[in-house]
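What follows is one structure encoded as structure tokens, with my remarks underneath.
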Amino acid sequence: MAAWFSFRVAQDVVNPKRNLTISYFQELGAGDSAAGYAFEGLRDVTEQTCPQTDECVEAAQSDRASFYRFSDPARAEAFAASLEDAYASDRIVIDFSRHVWSSSGREQAKRALDETWSSD
Numbered sequence: 001m002a003a004w005f006s007f008r009v010a011q012d013v014v015n016p017k018r019n020l021t022i023s024y025f026q027e028l029g030a031g032d033s034a035a036g037y038a039f040e041g042l043r044d045v046t047e048q049t050c051p052q053t054d055e056c057v058e059a060a061q062s063d064r065a066s067f068y069r070f071s072d073p074a075r076a077e078a079f080a081a082s083l084e085d086a087y088a089s090d091r092i093v094i095d096f097s098r099h100v101w102s103s104s105g106r107e108q109a110k111r112a113l114d115e116t117w118s119s120d
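When we follow the working numbering, the leftmost residue of the sequence shown carries the number 1, and every step to the right adds one.
Shown next as structure tokens:
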């Protein structure tokens, strides 16, 4: 049991992204940051969306984008590639397809996802 626990802790240290949920980003939507624009009105739609999306473990919809979290980064990349306009950052995919986005807004949303992994 101690070996398993040590392994899990080591996984979290090496890959802290593994346990990050989409709901973490709700705080960004509540703030005044430019990156928060993508996350305004974020609400959970896991029950409605994940059953139709292979290996989806969490889904959320904001006023401006759809977000999906997958069990592994490879599945997230594959899903993002299947969408018209999406970006994968580790296990989380942001789908821009249903909304008009400026290039700077898109970059800020991508950066918000990417920088979350390296902060703390």
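By construction, the Cβ of each residue, glycine as well, lies at the ideal position given by its N, Cα and C atoms.
Per DSSP, residue 79 is one residue of the alpha helix (DSSP H) stretching across 73–82. Burial state of residue 69 is buried, judged by a 10 Å Cβ sphere holding 16 or more other Cβ atoms.
In the structure shown, residue 38 adopts helical secondary structure according to DSSP, grouped into three states. In the three-state reduction of the DSSP assignment, residue 85 falls in the coil class. The bridge partners DSSP lists for residue 67 are 60, 94. Per DSSP, residue 106 has no beta bridge partner at all. Three or more pairs of CB atoms, one per stretch, sit closer than 8 Å, so the segment 57–67 contacts the segment 96–103. Around the Cβ of residue 89, a 10 Å sphere holds 16 or more other Cβ atoms; the residue is buried. As the crow flies, the alpha-carbon of residue 38 is around 20 Å from that of residue 56. Non-local beta-carbon contacts of residue 61 in its own chain, meaning distances under 7 Å to residues more than five positions away in sequence, involve 43, 45 in chain order. Beta bridge pairing from DSSP links residue 44 with 60.
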